[in-house]
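A quick write-up on the structure given underneath.
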Amino acid sequence: MVITTILYMFVLHYVWRKRWYFILPFGIFLIIDLYTFSSNALKVPSGGWVAILIGPGFFILGFCWFFGQLRLRRFLKNHAATTGLKMLPARLGLLVQNSRQNSRVSLSDIPILFTANRSEPDNISCSDSDSNVDFDTHDSGTLPRVRSFVQLVESVKIAPSSVTSFNVELSNSNTNDVISAVVTPGVACFLTISKKHTPHVFESFLSHMHSVPQVIIFLKIEHTKRAIINNNQRLTVKVYGDNIYHVTALYGYTEYRIKPFEILLLARAQHNVPIPDNEFQVTVFVSNETIKILTIGWRSWIRRWPLYIYSVLKSLYPGAAVNIELNPENTISIGILADLD
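Quick note on my numbering: the sequence shown kicks off at 1180 and runs consecutively.
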C-alpha cells in the first residue's frame, strides 16, 4: 500500500497535472500506510516472509511475459508480414462475380474465381490500432506489408521422382514476389486477434501450402465486461471481396467453452455466410508459436533467463484459442519458430 500511494501521488502530478497543494493531503494516507507497514514488519520472521516471497515471484513472471512478448512482436515485425483485409482480395487476385451479402447460398453456389490483373493497391493502410498487436512504442506503429502477390493456377504438373526441386512456371511475373496457388474447395476459419489485418497463421498457410480456400473466414473472439451476450448482439460480420469474411464474436465473462462452428452457424443464419451443415467441411487453423532462444554472444546471458521462463509460459498459453473448445478432427495447428535473443 505504501508503494501504491506513492505511485498514485506521482500519477496525480505527472499524468493528471495536479498542483502540489492538491497532492499533499494524500500524504495522510501515506502516514497511515507507513504505520500499518511498521506494525506488520514485526510479523515477517514468524511467517510474513511467505507473502513477501510470493509478491516478487509474480513480479518476475509478469516481467518475463512482458519482455518475451516484446521480443516476439519485434521478431514478427522483422520476419513475418501481414496483409490489410481491404487489400487482401487484390493481393489474392480474385474478381468479384456477384454479391452474396443479400442472398442465402450454399457452398455449391459460390462462383468460380478468376485471376485478376496484378496491380499495386494505392492509398491502403496496413496499420492496426489493436492494443495487443504492437508492444514497441518506438516504431511507426505500422505492420510490415506483404510484397508478394498470388497467381491462381488451374493445374500443376507433377514432377518426376528424379526432380527434387519444386518449380512452377509463372508467366509474366517475378518468382520472388508471386506465390502460385490453387483454389481449394471448403471453408477455412483462421483464428485472429485483429480486426484490420490477416493473422500470421494465414500467411504461413498461404506460403507453405500454395492454396487459397474457397471461403476464407477470420474469426476474432472478444470478451466483454458483461456477463452474457445475446445472440442478436453477438456477431459483427464484414465482407471483403466475394468470399472473404471477418467475424467478430462477443462473449461475456461467464461464457466459456466457445465452439467456433456454432459461431459460424450463427453467422450463416444472421449474415448469410456460406457455412455447410457438416462441421468436418470447415477447417479451423490456429497458430502455434515455438520459442527458440539464441545463445550467441556473452550479452545474451543477461536476456536469456527471462526468455527461458517466457518460453515455458508461452507453451502453456493457447493464444487466440483461449476459452475455445476446438474439435481436434478438423483443427490444424500451423507453427512459427521464433528465434529470440
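Glycine residues also receive a C-beta, built at the ideal position from the N, C-alpha and C atoms. This one's a predicted model, so the numbers in the text were calculated from it and none came from an experiment.
PRO1268, buried or exposed, once every other Cβ within 10 Å from all chains shown has been counted against 16
buried
Can you tell me whether VAL1380 sits near the ligand ATP, meaning its C-beta is under 7 angstroms from at least one heavy atom of the ligand?
In terms of ligand content, the structure shown is empty, and the ligand ATP therefore cannot be addressed.
For LEU1473, does the count of other Cβ atoms within 10 angstroms reach 16, so buried, or fall short, so exposed?
exposed
So, are the CB atoms of GLY1514 and THR1469 less than 8 angstroms apart?
yes
So the alpha helix (DSSP H) SER1218 belongs to, where does it begin and stop?
1206 to 1219
Take every Cβ of the stretch 1488 to 1508, pair it with every Cβ of the stretch 1427 to 1439, and state whether three or more of those distances are shorter than 8 angstroms.
yes
Can HIS1376 and THR1262 be called in contact, C-beta distance under 8 angstroms?
yes
Tell me which residue opens and which closes the beta strand (DSSP E) that ILE1511 is part of.
1510 to 1519
Which listed residue (PHE1216, CYS1368, LEU1271 and LEU1486) has its alpha carbon closest to that of VAL1391:
LEU1271
Which class does THR1261 belong to by DSSP, given the choice of helix, strand or coil?
strand
VAL1366 and HIS1389 closer than 8 angstroms at C-beta
no
Counted within 10 angstroms of its Cβ, other Cβ atoms place PRO1290 as buried (16 or more) or exposed
Confidence at PRO1290 is low in this model, with a pLDDT of 42, below 50, so the placement of that residue should be treated as unreliable; the coordinate-derived value is given next. By the 10 Å Cβ count, PRO1290 comes out exposed.
List, from N- to C-terminal side, the alpha helix (DSSP H) runs of 4 residues or more that fit wholly inside the stretch 1368 to 1443.
1379 to 1388
Compute the beta-carbon to beta-carbon distance between LEU1414 and LEU1385, rounded to the nearest angstrom, for a pair I have assumed lies under 8 angstroms.
With 8 angstroms as the limit, LEU1414 and LEU1385 do not qualify as a contact, their Cβ atoms being about 26 angstroms apart.
Rounded straight-line distance, which links the Cα of SER1218 to that of SER1225
13 angstroms
Give the range of the alpha helix (DSSP H) segment to which ASN1189 is assigned.
First, the amino acid is wrong: residue 1189 is Phe here, not Asn. Run containing PHE1189: 1181 to 1189, per the alpha helix (DSSP H) assignment.
Residues that VAL1521 bridges to, as DSSP identifies them
The structure shown does not extend to residue 1521, since the chain is modelled only from 1180 through 1520, so no value can be given for it.
Under 8 angstroms, with one C-beta from each stretch per pair, do the stretch 1485 to 1500 and the stretch 1239 to 1247 reach the 3-pair mark?
yes
Taking all protein chains shown into account, decide if HIS1379 is buried (16 or more other Cβ within 10 angstroms of its Cβ) or exposed.
buried
In the DSSP assignment, find the alpha helix (DSSP H) that holds ILE1202 and state where it starts and stops.
1199 to 1202
ILE1503 - DSSP class collapsed to helix/strand/coil:
strand
Taking just the CA atoms, how far does ASN1411 sit from PHE1254?
39 angstroms
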